[in-house]
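Trainee:
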Amino acid sequence: MEFQQLKKKLAEEAKANGICEEWYNYILNAPSKERLLTLFIKGLDFCLRNAFTDDLWAEFKGIRQHYGVFKNEPIEVKDLRNVVAFGTSEGTAKFTGFHVAQVWARDNAKVSIKASGYAYITVDIADRATVEVTASDAARVSVFLHGGNYTGNATGNAKIKIIDKRK
Numbered sequence: 001m002e003f004q005q006l007k008k009k010l011a012e013e014a015k016a017n018g019i020c021e022e023w024y025n026y027i028l029n030a031p032s033k034e035r036l037l038t039l040f041i042k043g044l045d046f047c048l049r050n051a052f053t054d055d056l057w058a059e060f061k062g063i064r065q066h067y068g069v070f071k072n073e074p075i076e077v078k079d080l081r082n083v084v085a086f087g088t089s090e091g092t093a094k095f096t097g098f099h100v101a102q103v104w105a106r107d108n109a110k111v112s113i114k115a116s117g118y119a120y121i122t123v124d125i126a127d128r129a130t131v132e133v134t135a136s137d138a139a140r141v142s143v144f145l146h147g148g149n150y151t152g153n154a155t156g157n158a159k160i161k162i163i164d165k166r167k
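Just so you know, we're using our numbering here: the sequence shown kicks off at 1 and counts up by one.
Listed below in structure tokens is the structure:
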């Protein structure tokens, strides 16, 4: 799909789902697919509430992984700022050193998170997603359970905090 047509289709779908005028214009004025992906991450709450169609997702194949967005595909990343796992995505996200990151897992995604050093990670789990967290050294991980399953293991001075939002 041609880029101008893609922006128009995304903007129309977002408008139908109640996006505000400011963000509607952000989409229409985006200079690249990369900018659209950064808008997706920044507006993730809206995007998670309003699933976009598969044909729109297909337009970002090959570049969305660079931005940490995975849908129905393997995950193998290290030290990304954001990791978003949808559908049946499965794999590992590693965080080291002083890295700060956010991870979102939803649908039937299966993500193994390995945090070490002084990494600080927040994790949101929804739907039927499964997340396994291994934290070592002085890493800190905060897990927000909206659904799904979680297992974790902390060694050394690492800490894993669970916040159950299902109640």
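Each residue gets a CB set at the ideal place from its N, CA and C atoms; glycine is no exception. Just so it is clear, the structure is predicted and the values come from calculations on it, not from any experiment.
(1) Tell me the rounded alpha-carbon separation between A14 and V77.
(2) Can you tell me where the beta strand (DSSP E) holding L145 begins and where it ends?
(3) Spatial neighbours of K9 within its chain, please: C-beta separation below 6 Å, excluding the five flanking residues on both sides.
(4) So for I19, helix, strand or coil by DSSP?
(5) Within 10 angstroms of the Cβ of I27, are there 16 or more other Cβ atoms? Answer buried if so, exposed if not.
(6) With A101 as the anchor, note down where its beta strand (DSSP E) starts and where it stops.
(7) So A58 is in the alpha helix (DSSP H); what residue range does that whole segment cover?
(8) Of all Cβ atoms in chain D, is any one closer than 7 Å to the Cβ of V111?
(9) With the cut-off set at 7 Å, would you say V100 and Y120 are in Cβ contact?
Mentor: According to the structure data:
(1) Sequence index remark: in the sequence shown, residue 14 carries index 14 (1-based). Sequence index remark: in the sequence shown, residue 77 carries index 77 (1-based). The alpha-carbon atoms of A14 and V77 are separated by roughly 29 Å.
(2) On the sequence shown, residue 145 is found 145 positions in, with the first residue counted as 1. For L145, the uninterrupted beta strand (DSSP E) run begins and ends at 140-145, by DSSP.
(3) For the purposes of this step, residue 9 is taken as the residue at position 9 of the sequence shown. In the same chain as K9, and ignoring 5 residues on each side of it, no C-beta atom comes closer than 6 Å to its own.
(4) Numbered from 1 along the sequence shown, position 19 holds the residue referred to as residue 19. In the structure shown, I19 sits in coil (DSSP, three-state: anything other than H, G, I, E or B).
(5) Counted from its first residue, the sequence shown places residue 27 at position 27. Its Cβ being crowded by 16 or more others within 10 Å, I27 is buried.
(6) Walking along the sequence shown from the start, residue 101 turns up at place 101. 100-105 is the extent of the beta strand (DSSP E) around A101.
(7) Position 58 of the sequence shown, counted from the start, is the residue given in the question as residue 58. Unbroken alpha helix (DSSP H) run through A58: 54-58.
(8) Note that chain D does not occur in the displayed structure, where there is just one protein chain.
(9) Here residue 100 refers to the residue found at position 100 when the sequence shown is read from its first residue. Here residue 120 refers to the residue found at position 120 when the sequence shown is read from its first residue. In this structure, Y120 lies closer than 7 Å to V100 by Cβ.
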